[in-house]
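Chemist: Take this structure first; my questions come after.
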Amino acid sequence: MVVLYDSLQLAHKVILNSFYGYVMRKGSRWYSMEMAGITCLTGATIIQMARALVERLGRPLELDTDGIWCILPKSFPENFNFKLKNGKKVFMSYPCSMLNYKVHQKFTNHQYQTLVDPIKLKYETHSDNSIFFEVDGPYKAMILPTSKEEGKGLKKRYAVFNFDGSLAELKGFELKRRGELQLIKNFQSDIFKLFLDGDTLEGCYQSVANVANRWLDVLDTRGKMLEDEDLIELICENRSMSKSLEEYGDQKSTSITTAKRLGEFLGEEMVKDKGLACKYIIADRPLNAPVTERAIPTAIFSSDIAVKSKYLRRWLADPSLDVFDPRSIIDWNYYRERLASVVQKIITIPAALQDVDNPVPRVAHPDWLQRKIDIRNDKMKQTSLTKFFKTAPKGSKPVMADVTNVQDIEDFGNGVVALGSGPKVGKVTARKRKLAEKQTSEEEAQRLLNQPMPDPLVDYAGFLRYQKLKWKIQAKEKQRRDKLFGTSLKKDNSAMGNIIRKQAESFTSSQWQIVQYSADPLHPGSLKAFALINGKVQTISIKVPKKIFINFKSDTFPQDVIPYCEVTKAVETLPNGQSSMNLFKMVMPETIYNEQIKKVDSVLNDTSVSGIYESSIDATERAIMEIGTCVKYNEDKLGALAQSLEKGFEQKNLKALPAETYLQRFSMGILYLLHIVSNSYEIFTLFDPSASSATSYILKPSANAQQLPSNFQSFYKDMFNNKKESFSKYYSTIDYKEDVAFESHYYTDVSKIYKKLNSKIGSISEQSASKPLFVIQSPISEKLSQILRASSNLPNLKMKVNEIQMNALSWHSLLIKRIMNHYLSLAGWITKMIALSKYANIPLCNLKVDNIAYLIDIEYARKLIESNIVLWWSPSTNPDYGGAEKDKMTLSTEESFEFPVVNRQEIYESVCIELEVKNLTINTILTSTLINEAEGVYDDLNEGGDSELKGGTFAENSFSGPALSALRNMVKSWWDDAIKDDANADSMIHGFISWYL
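First residue of the sequence shown? That's 1 in this note's numbering, and the numbers climb one at a time after it.
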């Protein structure tokens, strides 16, 4: 019956509202402005009367045409239940009855006539009043936004909450509108449920401000934690065309612009009918164009690259556009202004009007409001006594009425203790020890869970045992998720929270295989790491702190404090066995270090500093040394994962893993750029194995120079058949196809080739499901990596190739064969480089294959760190001795370290013996202990301090004992592996000889 009467009431309301509008229409049969006017006047008078009454009792909040929202004192009478003599009960709402009484007094129709006798047309006159107030509520809270303009409010916009926290009514917000941004809808749906959080007004606003900051981060970071589809879905607008496109004529709007542009690349037939759904985003180009001309249909981003490039360049008025990523096209300022406007109306301006500091400081107040706040907070403003004192409540006791127990200040320290202020005694309670129950092992639990669940009607005990095991596993998983996400993200059921939680799950359950560490030029100390996670290359930001060792002349650390710096007493040994009695380890952000090193009065520039060590190690090298190739997130860090996904991972929250499984399953796509220079020609060939295509951009020395043969494909097929057996075993790395489509383009300007390559790489990267591995093989591979901007978002593997000089007659065909040979050998090269990367525990793209000494430097640095020895890593040829090396003049020497060759040609009658000495350097290192003993130098020489204090004969430029021991252990491990026919260890051994000399 309740549903029936509510439906009838709603139907009557709709009919009466429609009839009210009908009588105002001049063409209606019952046109009567008098009737419409008296209806408006009566409704307005009743609401004004109700407002006047409420203002005497409480405070009105929102006035509508047919109701009033208000706050009444808690002590005001509310509901009464009357029990009648006949046993029935009557419920009465006092506020409702009070209003209805006043309405009955002033608006009762005392001349209302009812037809009694239809034949004689006899009427009966009586009093009638059909206007009644009805009370809804009470409710727990009501949220009212405000306008951005001074002195104005927003009508018919409010959110009302029940006492159980549920939303009772929501009216007028963007959340209810169909064409509004999904971003704003998600933001409002997230904050409304949080307005009831917090014990104070400040706590409430801080709770909703956290949600606002999270959604603002999405725009400020350009949605870097979201996939392209999710980002476009968040910020696109969806509008429907009520008329056909032709009917709008010359009108301008974002929907009309979107419809016209849809017709350009989909066809006019697709957009001619009315009811067209237009989904679009707002671009940042053309510059200075109105918003209506910057609408881009979202359908263009799912089209082919040729269609996408053609129309985006036209619509954005940018013929040089070569990056078609939606993030580079979206007008982020436009969307931030829209979101900031909603944040102002719902959060920041209402908070300021309630004397709460701006909970979202990144969204500034309007000028008029900021002026008011500045005047209110003016410290020079004259105040009155009423600001410091207020009237005490009736019946309250005077302050400090009983002063007999207050201790005098002269009695402090004399043993006189005031009453009730005796010494506090700690009370220790014994812990209750519980008997530990015997738990079923994980293997047995898993075995039982893999079996079918017992039927509770047949085997209830087995069913209960099965359920208990399942509940135990679920409880452990819940504890793990609580540790992982923390309480804030765990309670966050918002759209953004679900996206972050889904991404976090995939990050924590998998091992991260780092493909490349690259420095972020905009954020010192932050690395952009390309990691293979669940078969997909993800871009992760890792914050690597600056670690230095600072040695002081005295044992006292300066009193100056460096912010965000962690200082500990170091136990490491300094290079060359120098004294480390006053050595301290300092860990701080890179930005803080850069600021402090420039300050004259900083601790780092103090006169008591004897030396600063490891200051030349940059963030990339530090990450390679300490993290390596395989990483896993440390689950012991409570709730840090969600914040790390948004702001970057701290190195301390990452745990390095052994490299045994590094790139064991190579699942990355490959994009191969081969740059060959020969006979004044430069050939740039871009291979895309996934599409079985290759594009050659050929730089000719002159416009009239001869072109290369066009039969690239026949050369490839011949080479493919000849080398099929050699590369077929590497099919898991690159699956070579017998047919490859080749394209050739000739240029005389290398800048045009760079532009074409940049565009081609960007388009292939956009169409790939995951970031491919970009392999550059060129005489100038480092320079090419910087020129091609599109490659900055891909892991770059750089390899060298020398310039080729060929016979002037047949060089064309030889050059094409060389290109095909390089491509078909690429899989084998990458496989061997992965093996070397795994052996050296250095990410694939950070390998410097042409400089094997770099790999030895990294490995030796790790051994020194394990032995608690401070590194002397330096970008120059001179070691880093804390600055002492700069004070000494490096003297050039004529001494040659080449092994002398003795060959005396003569005829000898006795036996001739030819001696060939191999691996002399390796044998010297491995037997260095015996050599040191013979020369009077011992490995443990500097364990107690400076060698000069020991009085030994240790040379100044020789290795210290622990450092030499670490070197010997490293070489011995390589030697043992090389004996077992490990090619990677053999490469390290051969490289070590030149490295050591």
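The beta-carbon is built from N, C-alpha and C at its ideal position, and this holds for glycine as well.
Taking the CB atoms as reference points, tell me whether Val363 and Ala392 lie closer together than 8 Å.
Modeler: no
Chemist: Starting from Lys310, follow the alpha helix (DSSP H) in both directions and report where the run begins and ends.
Modeler: Ile305 to Trp315
Chemist: For the beta strand (DSSP E) containing Thr568, name the first residue and the last one.
Modeler: Glu566 to Lys569
Chemist: Let me know the secondary structure DSSP gives Cys236 once reduced to three states.
Modeler: Under the three-state reduction of DSSP, Cys236 is assigned to coil, being neither helix nor strand.
Chemist: Exposed or buried, which one is Asn330 when buried takes at least 16 other CB atoms within 10 Å?
Modeler: Sequence check: residue 330 is Ile here, not Asn. Here Ile330 is buried, its C-beta having at least 16 other C-beta atoms within 10 Å.
Chemist: Looking at the secondary structure, which residues open and close the beta strand (DSSP E) in which Pro60 lies?
Modeler: Here the beta strand (DSSP E) through Pro60 covers Arg59 to Leu63.
Chemist: Going by DSSP in three states, Asp946 sits in which element: helix, strand or coil?
Modeler: With a pLDDT of 43 at Asp946, under the threshold of 50, the modelled position of that residue is not reliable, and the figure given next carries that caveat. Residue state, collapsed to three classes: coil.
Chemist: Thinking just about the alpha-carbon of each residue, which of Asp357, Ile869, Met225 and Trp69 is nearest to the one in Glu572?
Modeler: Ile869
Chemist: What residue from Met98, Val211, Lys394 and Ala277 has the CA that sits closest to Ile346's CA?
Modeler: Val211
Chemist: Under the three-state reduction of DSSP, which class applies to Gln511: helix, strand or coil?
Modeler: coil
Chemist: Straight-line CA distance for Phe177 to Pro361?
Modeler: The identity of residue 177 in the sequence shown is Arg, whereas the question assumes Phe. When rounded, the distance between both Cα atoms is 28 Å.
Chemist: In this structure, does DSSP put Ser810 in helix, strand or coil?
Modeler: coil
Chemist: Using the Cα positions of Thr65 and Ala44, report the straight-line distance between them to the nearest angstrom.
Modeler: 7 Å
Chemist: For a test of the three-state rule: what should DSSP assign to Ile698, helix, strand or coil?
Modeler: Looking at Ile698 - three-state DSSP - the assignment turns out to be strand.
Chemist: At a cut-off of 7 Å, is Pro689 close to the ligand GDP when judged by its beta-carbon and the heavy atoms of the ligand?
Modeler: No copy of the ligand GDP appears in this structure; indeed no ligand is present at all.
Chemist: Taking buried to mean at least 16 other C-beta atoms within 10 Å of its own C-beta, is Ile71 buried or exposed?
Modeler: exposed
Chemist: The beta strand (DSSP E) that contains Tyr633, what's its start and end?
Modeler: Cys630 to Tyr633
Chemist: Rounding to the nearest angstrom, what Cα-Cα distance links Lys424 and Lys397 in this structure?
Modeler: Here the model assigns Lys424 a pLDDT of 49, short of 50, so the residue's position is not dependable and the matter cannot be decided.
Chemist: Counting only runs of 4+ residues fully inside the stretch 80-132, write out the alpha helix (DSSP H) ranges in chain order.
Modeler: 94-107
Chemist: How would you label Leu824, buried or exposed, when you count the other beta carbons within 10 angstroms and need 16 or more for buried?
Modeler: It counts as buried.
Chemist: If you measure between the beta carbons of Ser678 and Leu815, is that distance less than 8 Å?
Modeler: Yes. Within cutoff.
Chemist: State the beta-bridge partners of Trp69 as determined by DSSP.
Modeler: Glu62
Chemist: For a quick check, are the C-beta atoms of Met241 and Gly263 less than 8 Å apart?
Modeler: no
Chemist: What residue does the alpha helix (DSSP H) around Gly213 start on, and which one ends it?
Modeler: For the sequence presented, residue 213 should be read as Asn rather than Gly. Element bounds for Asn213: Leu201 to Asp220.
Chemist: If distances are taken between C-alpha atoms only, which option among Ile670, Asn634 and Gly648 comes closest to Leu654?
Modeler: Asn634
Chemist: Curious, which full-length beta strand (DSSP E) runs of at least 3 residues does the stretch 27-57 contain?
Modeler: none
Chemist: Thinking just about the alpha-carbon of each residue, which of Ala36, Glu660, Gln777 and Thr146 is nearest to the one in Leu671?
Modeler: Of the listed residues, the one whose Cα sits closest to Leu671 is Gln777.
Chemist: Would you say Glu169 and Ile184 are within 8 Å of each other, going by their C-beta atoms?
Modeler: Cβ atoms of Glu169 and Ile184: not closer than 8 Å.
Chemist: I think Glu590 touches Leu871, with their Cβ atoms under 8 Å apart; what is that distance to the nearest whole Å?
Modeler: The pair is not a contact, with the Cβ atoms about 17 Å apart (cut-off 8 Å).
Chemist: May I ask which residues mark the beginning and end of the alpha helix (DSSP H) holding Asp164?
Modeler: Here Asp164 belongs to no alpha helix (DSSP H), and DSSP marks it neither H nor E.
Chemist: Just curious, the beta strand (DSSP E) that Asp688 is in, first and last residue?
Modeler: Tyr681 to Asp688
Chemist: Identify which residue in Ser751, Lys546 and Ser770 has its Cα closest to the Cα of Gln538.
Modeler: The option with the nearest alpha carbon to Gln538 is Ser770.
Chemist: Could you name the residues of the same chain whose beta carbon sits closer than 8 Å to that of Tyr22, not counting the 5 residues immediately before and after it, in chain order?
Modeler: Ser28 and Trp30
Chemist: Measuring CB to CB, does Thr873 end up less than 8 Å from Ser680?
Modeler: The identity of residue 873 in the sequence shown is Trp, whereas the question assumes Thr. No, Cβ-Cβ distance for Trp873 and Ser680 is not below 8 Å.
Chemist: Given Ala963, which residues of its chain have a CB within under 6 Å of its CB, disregarding the five upstream and five downstream residues?
Modeler: Ile869
Chemist: Rounded to whole angstroms, what is the Cα-Cα separation between Ala209 and Gln344?
Modeler: If you take the alpha carbons of Ala209 and Gln344, they lie about 11 Å apart.
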